Amino acid sequence: MSAAHLDDPYLTELHNASSSGERVRTPKNPTLQSDPVMGPQVSDVLEQLERAEQLATRDQPAAAVTIYESCADDEDPTYNPYRDLCRLQLARLLAFELGNQQRARALFELLVGAPSDVGSEASLALCELDLESDPCQARACLTKLADLSSEPQLAREAKSLLGRWRLDSEVCK
Numbered sequence: 148m149s150a151a152h153l154d155d156p157y158l159t160e161l162h163n164a165s166s167s168g169e170r171v172r173t174p175k176n177p178t179l180q181s182d183p184v185m186g187p188q189v190s191d192v193l194e195q196l197e198r199a200e201q202l203a204t205r206d207q208p209a210a211a212v213t214i215y216e217s218c219a220d221d222e223d224p225t226y227n228p229y230r231d232l233c234r235l236q237l238a239r240l241l242a243f244e245l246g247n248q249q250r251a252r253a254l255f256e257l258l259v260g261a262p263s264d265v266g267s268e269a270s271l272a273l274c275e276l277d278l279e280s281d282p283c284q285a286r287a288c289l290t291k292l293a294d295l296s297s298e299p300q301l302a303r304e305a306k307s308l309l310g311r312w313r314l315d316s317e318v319c320k
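All residue numbers for the sequence shown refer to our numbering, where the first residue is 148 and numbers rise by one.
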């Protein structure tokens, strides 16, 4: 291969070579890099989500937030099945790790109607937001979900949380 071909970024990347002809090492954990024509692949998105989860569990919530924001805002269709999950995880980190409850509440409210478990989790998280500051409000929120939810699993979880959070015996006006 001639040196002229090594100025082509595609060939340089493909053959792990620099423009000077030297072999370069490919990083073991590259950041999400997608093919400009194909866009990100599902495996890329899943790796990105796994990385965010690792950061969140390693007490690096701000770094995880950056990844979840990127996932939630990316308009590529590959992200469509994961966008609500990214928003949910983003909101949870904002609320319960970083203390940005106002922004988290807005995200949870956006997600309440989402399909699958994301909508249910968002509904429960809205109740959890009030747990420390206004336990009676948290109790009212969970009671409403337990009594009025058309989703049996959500109703069961709300009833369970009333007991776990010791709100079933809370005296409220």
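We put the CB at the ideal spot given by N, CA and C, even for glycine.
These figures come from a predicted structure and were not determined experimentally.
- Within the same chain, A251, L254 and F255 come within 6 angstroms of A238 by CB-CB distance, once the 5 residues on both sides are set aside.
- Going by DSSP, E279 is part of no alpha helix (DSSP H) at all; its letter is neither H nor E.
- Secondary structure at E268: helix, using DSSP grouped into helix, strand and coil.
- Under the Cβ criterion (8 angstroms, minimum of three pairs), the segment 254 to 270 counts as touching the segment 290 to 305.
- For R198, the enclosing alpha helix (DSSP H) stretches over residues V189 to T204.
- Exposure of Q188 is indicated by the presence of fewer than 16 other C-beta atoms within 10 angstroms of its C-beta.
- The DSSP assignment places complete alpha helix (DSSP H) segments of no fewer than 4 residues inside the segment 215 to 243 at 230 to 243, in order along the chain.
- Cβ neighbours of N247 within its own chain (closer than 6 angstroms, five residues either side excluded): L241.
- Taken atom to atom, the span from the alpha-carbon of R198 to that of T290 is near 36 angstroms.
- Only buried fits C288, as 16 or more other CB atoms lie within 10 angstroms of its CB.
- Membership of E256 in the alpha helix (DSSP H) is indicated by the continuous run Q248 to L258.
- In the structure shown, C288 falls within a helical segment according to DSSP collapsed to helix, strand and coil.
- Around the C-beta of D223, fewer than 16 other C-beta atoms lie within 10 Å, and the residue is accordingly described as exposed.
- When secondary structure is reduced to three states using DSSP, P262 falls in the coil class, being assigned neither helix nor strand.
- Taking every protein chain shown into account, the CB of Q236 has 16 or more other CB atoms within 10 angstroms, so this residue is buried.
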